[in-house]
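A short write-up of the structure that comes next.
Residue numbers (the working numbering): 3 to 109.
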């Protein structure tokens, strides 16, 4: 299966609010392995929904952090808009792996 197809399938599961929470959470975690704009946008979409399940938002945050770390970036404007659980995961992971990506106020 091509990477494009894998990402599309995972994005479909993540964004399907009728899917089982465990399946959506697994998809969120798996998407962190891909440097793909569709993956990142889907993760942002779920992680920015403040009504979303806390565990799912945290998993999205962890995957966003993994992608940002590989890219060497931290988009603080996006970070501020995310669910608190997602934001905590991102800050914890980036702080432990590459603290320099965070502004002084986030360290």
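Quick reminder that beta carbons are idealized off the backbone N, C-alpha and C, glycines included.
Own chain residues within Cβ distance below 7 Å of residue i, not counting five before or after
{"i": "residue 65", "result": "30, 31, 33, 34 and 45"}
{"i": "residue 21", "result": "15"}
{"i": "residue 57", "result": "27"}
Per-residue burial, residue i [other beta carbons within 10 Å of its own, 16 or more giving buried]
{"i": "residue 68", "result": "buried"}
{"i": "residue 26", "result": "buried"}
{"i": "residue 61", "result": "buried"}
{"i": "residue 75", "result": "exposed"}
Close Cβ partners of residue i (< 6 Å) along its chain, the five nearest in sequence each way excluded
{"i": "residue 59", "result": "49, 85, 87 and 88"}
Beta-carbon spacing of residue i, residue j below 8 Å
{"i": "residue 15", "j": "residue 36", "result": "no"}
{"i": "residue 98", "j": "residue 78", "result": "no"}
{"i": "residue 23", "j": "residue 55", "result": "yes"}
{"i": "residue 100", "j": "residue 71", "result": "yes"}
{"i": "residue 91", "j": "residue 63", "result": "yes"}
Cβ separation of residue i and residue j, assumed to be a contact under 8 Å, to the nearest whole Å
{"i": "residue 17", "j": "residue 47", "result": "7 Å"}
Close Cβ partners of residue i (< 8 Å) along its chain, the five nearest in sequence each way excluded
{"i": "residue 73", "result": "37"}
{"i": "residue 13", "result": "29, 33, 40, 41 and 44"}
{"i": "residue 83", "result": "50"}
{"i": "residue 5", "result": "36 and 38"}
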